[in-house]
Structures are given as C-alpha cells and as structure tokens.
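Chains as they are written, first to last, in numbering that gives the first Met the number 0: chain A, 0 to 316; chain B, 0 to 462. Don't be surprised by glycine CBs; every beta carbon is placed ideally from N, CA and C. Remember, predicted model here, so these are calculated numbers, not experimental data. Here's the structure, in structure tokens; my notes come after.
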Amino acid sequence: MANTTPSLAPVRAQEASEAGALAATLLTRHDKILIVLMVGVPLTLDLLLIWGPTLASVVLSFTNWDGIGSVTGENFVGFKNYQFMLTGYTLFWPAFTHNLIWLAWLTFIATPLGMFLAVLLDREMRGTRIYQSVFFLPVVLSLVVVGFIWELQYTPTEGFINNAFGLVKSGKLIDWLGNPRINLFAVLVAASWRHIGYIMILYLAGLKSVDPSLREAARVDGATEVQTFFNVVLPVMAPINVIIVVVTAIEALRAFDIAFIINQGKNGLELLSILITNNSISEASLVGFGSAIAVILLVISLGPIILFLSRTMRTTA
Amino acid sequence: MGDSRDAKRVRNRLALPYLDAELPLNLDLSRRDILKIAGYGSLAAFIAACGGSPTTTTSLTAKGGAMSLGSYNTDPNSKKGTQAIVDAFTAANGGTKVKLNTVDHGTFQNQISSYLQGTPEDAFTWFSGHRMRFFADKGLATPIDDVWDAVKSNYTEGFAASIKGNDGHAYAIPTDYYPWAVFYRKDVWAQHSYTVPTTWDAFKALCAQMKKDGLTPIAFADKDGWPAQGTFDILNLRLNGYDFHTELLTGKQKWTDPRVTAVYKKWSEITQYYSQAFAGLTWEQGADQLLRKTAGMYLLGLFVSDEFKASGSQADLDQLDFFPFPDMGTQYDAEKALDAPIDVYMLTKKSPTLAANRAQANAFLEFVAKGSTQVLYWQNAPGSIPTATDADTSQYPALTKKAVQIVSNAKRITQYFDRDSRPDYSGPNGMQGFLLKFLANPGQDTTSLQGQMQSFWDSLAPE
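Okay, here's the thing in structure tokens:
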C-alpha cells in the first residue's frame, strides 16, 4: 500500500500522455480534413475580408491614389496625408472633437439612462412589456430611418418641434440642423433615442440573470434598494457592464448614419467616419487621404476592442 | 444645380434614398453571359484581324441588335422621360434592344469612378464641364468625334464647346440644360407693384421694400450645401468676369485674391434678406416659401418650376417668372454670364459589350441629338430645355421661351460651381462647408476663411 501510492502519479501522467497520443492518432483522415476546413475557412475569410482590406487601407494611406488605375510607385507620398490631416485639414480636429463629444454624451447621458430604464423595468411593474417594446422600438429601426424621422422633427419651418412651441408663428425659428452650435446636440438626441433602447435591452437581460437570492439576502441584511443595486447587483453584473462600456465606445466611434442623412456631415456635424466616406467613397475619390483618416480611426478603435477581447478571454478562461 | 437635385427630390418623395438605391454595378452576369461577351470580343478581334478586305468597312450606326445604357435619372419625371426616349429609339432603330440600368442619382454620382472602371454599360448619362473632361482625361470615356461630326450642325457653338475634352476630341452629346436666374411670382409683384431691378442698388432697395412689406425678400435654403454656390457663381461672374471665375475654379487663380474678398463683401450686403434658418432648409422648402407667397424672390435653376408643378396647381405655375441677376456696374456686366448646366450622354470605355454594340450606341447618340427626342424628354421633365437647334419650340410655354432667351443672350455660360470645379473641392468637405461658414457670419473678415479655401485646394492631389 505504502509503495503503491507514490507510483500512482507517474502512472496517471503516463495514462494522460497516452490518452493524448491516442487522441492524436485517433483522428482519422476525415477528422483532420474537417479540422482544417473548420479552422481554415473562417481563417481565410477573416484574412480576406478583414485583414486584407485593413492592411490595404494602411498601405493606401501612404499614397495619393484617386481610385483610378493601379497604384504605382509614383503614388507613394510618405506621411504627407497624415501631416496634412493633423496640421492643414480644417475638418479633422472638429470631427475628432465631435466624436469625443459623442462618446461623452453616450457615456454620461444615454447609457446611464438606458441602464436606469432597465432597472425600472426589471421591477416587474405593471405594463413592463409595453414599456419594453416602446423603448426598444427605435433599435429595430435602421439608423437611416431614425435620421429621417428626426429630420422631420427638426426642420425649421415645417418641423414638429418649432411648430409645437409656436416658434414658426412668432418668427423666432431655431435652426436645429443648420446652426453649427446646436445641431450636434440635436443629432445626439436622435442617436440617444435609439441608443437608450439598445442599452436597456442588453442590461435588462443581464439583470434577469442575477440570482434573486442575492437580493433577498441583501434585504434580510437590511440594505436599501440603492445599496443593494450598487453593492450587490452592479458587482455581479461586471461582465455585462464591460460589454455596455464597449458597446457605447464602439457606437460613438462608428457614429455616422444620422449625421450623414441630415447633411452629409458638414456645418458642425463632421465626424471621422463621415470624413472617410466623403474623401474616399464619394465622387471626390481621395482614397489615399481617406485611408489615412481610417487608419487613425482604427488606432482609436483598438482601445475598446482590446479591452473587450481581453475581458471576454478572461471570463471564458 | 441639378446634379444633387434629383437625389434630393427622391429623398423627399420616397424618404429613403439609400434603401431605394439599386445596385450601382451590374454584376448579375451569368457565366454564359461572360462567355458570350468573350465570344463577341474574340469575334470582333477576328474580324479586325481579317481587316483590309473592303467588305468589312463598318458604318457609323446600325439598326437592330442591342446596347446598354446606365442612367441616373431617378426623379419620377426624368425617369419617365428616359424610358420614353429608350422606347422611341427601339421603335425607330429597327428594334434595337436597350438594356436600361437606372441607379439612384446620388449613388451613381458617388460611384462614378468605380462604375466607369468596372463593367459599365455602353452609354451613360452625365454632366458636361470639368466633370466630363476629368473622366475623358482619365481615359474612361470614349471619344465620339465621328458621331459629333454627323450631328454638330444641330448645335450652336456654345454647346459644341461644352462637350470638348482637354484633348480637343468630342466626348458627349448635350441633350438638355436649364438656366439659373432670380425667380418670383407675378401676382405677388403686381400686388405690391414691384419692378424688375436691373442694378445692384435697385435690387437691394427692392429687398428692403419687401422686408418692409412683410415678405422674406430672398428665399435661401442651403442645408444641402450646393445652392449657395449658385450665388457665389453669379456674383463672381458679374464682379470679376468669366475668365477669372473659371480660372479660380480650376486653381489657376488664388482664393486669397482680393477679387474673391470683394465677392464676399458684396454678398454680405444681401444676406440680411435671406430666409430665417436657411442652413436647415432644403431647396424644396425654399421653393415652397416662394410658392406660398411668403418670400419675394429665389435665385435658383429653372428646376424650381418642378416644385411649382408638383404642387398640382397650374395657376401657381403660370404665376412663376424670373429675371437675370442684376448688373453690378462692372465691365463684366456685358458678358451677361450665367450658370446653365448642360446634361449629356457619353460612351464609356470599359464596357465589355461596347466593341460589339458600338454602332448601336452611335445610333443612340445620334438619336438623342435630335430635337424631337429632346422635346419628348422635355414633355416629361419640363425643367430640362432641349439643346438641339431643330427642337420644336412652338409648344414651349412662356417660361421656357424666356429661359431659352436669356441663355442665348448670354455671351458666357458656366456649368455651375460643382461642375466647373473638381468634385473633391466643391463637395461637403470643401466649398459647401466653407460657404456655410461664411454665411453663418457674413460680416466677418474673410481673410482667414479664404486662406483655408486656398490651403484646402493646395492640399488636393494633382488631378
């Protein structure tokens, strides 16, 4: 007995390694082909559709290519695009600032509102299903539709808002979409209208998965509602919270549709994504310069993406 | 102008321009199609290789067969007009089948580079001016000197000049145009007994009077960015002349020039008479101000009449009249220059079927160069005046006749800012944004703004 115990460990190790070897040899030709296919196909698609264009953008950002003909050595202009973008291009910094304002607005106003609604709806009040559908409805709509709906609200002479407040009659029109000092916020209200519902649903799903016994325990211990939420529910919801943060950051960085629908992103509505479009996809065809802006946006986006990935990797591990 | 106009109209009517967009590229070729095309290609090559025998001399045009046409005419009126032309062509040309690919106006414009480099249709709708010459220079359009020689007797010199590329070859057939002028309602003017101002001072006095009478003197709507360019064009033409204007728009003059400063200075004298909240209004909403008698005047293209027609009241349309922009007291008043953008048909270069269909495509170009064809189009889209000399003008209403008149009086015709300049400069990134900046504070010292305009120009890659 005494001498059998120590010998168990090497035996187990041997068994394990044998099992490993066995597993490897057990893979038939068919299995191997299957694995190659299952890993290879997504990998190829990923390389082809994501890494290919990304690297192409990076390369193109060093050229002055106009989208016509092929890229030749003469097209390469070094860092000229970046240099101009950061120093001479009057729209870059406004667009950058607008993206930051967008991010701040979503982070401090829209996302907390969505979370707040989720907490309210989680309390099983009467008609909660109806409220859910009402708040979630804008999420189902395409942003193009959202843009159009809000354009109808904001139009100076015929829009709902100016008419409802009697500004048309009194002749003191507020130019919600044309005044560069306020149009960004008008658009942010429209974007939030949709964003709030999105966050609400995500958060509500998370809240539903919180073990009710935790709350009961907190209540028994005499914690208030607010204390329970901040000290018990919020920590339990950590994974969801990260997703919410990342979703908010990504929404802010890819902000595009509404501003583009309203005036193609000029006159106070400049955004990085719109500058990329206006430069490289439009008739202007400044593909090289547009790519340089895209690379900057990519670099900025890497932050939340890395945060998101490291977080999900850790939770699955 | 009209380029973005149709796109905007569609947006207003259908509300969802991007959902409505059709595929810009026709990629639905089956393998058999491709083989067929390849077959035609090699057949053509074979025939060419056998060349030299007198029997293979090809005639300029051919009946029957097939061809394809890419069109950006998506506005309901112009779409109907295009279809009418195509049907009439098929009937007149021995049953030539025309494959019509209609693409949303804005999408077509934005995708034009990739469209022309991919597998475009044989012929396509486009604009004259710098935007035509640009693609001709890039080798993406086919010169059509042979067709032009056959039809040029049907055109005045101004039109002939408008379709020449930088290399001197003809690249397009002009089919319609529309002038820009100051529009007003006759009944409103009669009620207040206003008279047409011919000088700048009279124009400003009239504005002041209209303001006193409770009207918005000048309807102005610049949400889309391009309408303001019309005012820049006409002021620059009047103050500094055609040559300076075209040189400025093509980079041969500087935006920091004191002559440009003068334009902004003059412009700032009338901005106080503009519609309230104009930076949030579309051109249609501006037109409605004129239609509903709340505004006294509106500087726009003849397409403003479409909005009057869309109101459904012929009585309103009958009240619409216009006058050429007033003189500014410079030597350039005599040029009577104005914006009158011309729409054209062109041949692509990379169409896989063009080699086989060239004779049919030529026949189509000759067909659209006819006055009768253009009148057919005009009947559907009355904002577009035929260009051919033999067009039957007898059915023109007074408004159209007058439009023809002021264009033929003009010694110099420009195409509109965004057709005369490079698209990257005139777009939302460039001049549209700069002009909105100017209009937000017209009294400002424009030195730094002009500096920005110039440095933006300097930053653009050489064309």
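Around the C-beta of residue 332 of chain B, 16 or more other C-beta atoms lie within 10 Å, and the residue is accordingly described as buried. Annotation for residue 173 of chain B: the continuous beta strand (DSSP E) segment containing it runs 171-176. By the CB criterion at 8 Å, residue 75 of chain B and residue 343 of chain B fall outside the cutoff. B:429 is the residue among B:446, B:429, B:440 whose C-alpha sits nearest the C-alpha of residue 459 of chain B. Looking at the DSSP output, residue 181 of chain B bridges to B:298, B:322. Just so you know, the alpha carbons of residue 126 of chain B and residue 58 of chain B end up roughly 28 Å apart.
Residue 176 of chain A and residue 221 of chain B have their C-alpha atoms some 11 Å from each other. Beta bridge pairing from DSSP links residue 178 of chain A with no other residue. Flagged as an interface residue toward chain A: residue 454 of chain B, by a C-beta distance shorter than 8 Å. Contact check between the stretch 263-279 of chain B and the stretch 440-454 of chain B: three or more CB pairs, one atom from each, fall below 8 Å, which counts as touching. Collapsing the DSSP output to three states places residue 69 of chain B in a strand.
Boundaries cannot be given for residue 140 of chain B, as no beta strand (DSSP E) includes it and DSSP labels it neither H nor E. Of all residues in the stretch 318-348 of chain B, none comes within less than 7 Å of chain A when Cβ atoms are compared. Residues of the same chain with a CB within less than 7 Å of the CB of residue 278 of chain A, apart from the 5 flanking positions on each side, are 285, 288, 289, 292 in chain order. The contact set of residue 275 of chain B on chain A, defined by CB atoms closer than 9 Å, consists of 155, 156, 170, 171, 172, 174 in chain order.
Rounded to the nearest whole angstrom, the C-alpha separation of residue 158 of chain B and residue 253 of chain B is 28 Å. DSSP places residue 286 of chain B in the helix class (H, G or I) of the three-state scheme.
Between residue 65 of chain B and residue 359 of chain B, the gap from beta carbon to beta carbon is short of 8 Å.
Taking the Cβ atoms as the reference, residue 157 of chain A lies roughly 15 Å from residue 261 of chain A, outside the contact range of under 8 Å. Residue 217 of chain B is outside the set of residues whose beta carbon lies under 8 Å from a beta carbon in chain A. Not a single C-beta of chain A is nearer than 8 Å to the C-beta of residue 172 of chain B.
Cβ proximity to chain A below 7 Å picks out 422, 423, 426, 427, 428, 431, 432, 435, 439 from the stretch 422-441 of chain B. For residue 278 of chain B, the closest Cβ of chain A is nearer than 8 Å. Contiguous alpha helix (DSSP H) elements confined to the stretch 43-77 of chain A occur at 51-59, taking only those with 4 or more residues.
Taking C-beta atoms as the reference points, residue 446 of chain B and residue 155 of chain B fail to come closer than 8 Å. The C-alpha of residue 243 of chain A lies about 10 Å from the C-alpha of residue 111 of chain A. For residue 91 of chain A, the closest of A:303, A:274, A:301 by C-alpha to C-alpha distance is A:274.
At least 8 Å separates the beta-carbon of residue 413 of chain B from that of residue 84 of chain B. Shortest Cα-Cα distance from residue 94 of chain A to any of A:217, A:125, A:212, A:252 involves A:252. Close to chain B, meaning a Cβ-Cβ distance shorter than 7 Å, are the following residues of the stretch 58-84 of chain A: 63, 65, 66, 67, 83. The three-state reading of DSSP puts residue 207 of chain A in helix, counting H, G and I together. As for any beta strand (DSSP E) of minimum length 3 sitting wholly inside the stretch 84-166 of chain B, the runs are 96-101, 122-126, ordered along the chain.
No residue range can be given for residue 222 of chain A, since it is assigned to no alpha helix (DSSP H) and is classified by DSSP as neither H nor E. Listed by position along chain A, the residues whose Cβ is nearer than 7 Å to that of residue 315 of chain B form an empty set, because the closest Cβ is around 18 Å away. Within chain A, no C-beta atom comes nearer than 8 Å to that of residue 405 of chain B; the closest sits roughly 29 Å away. In this structure, the beta-carbon distance from residue 132 of chain B to residue 109 of chain B does not fall below 8 Å.
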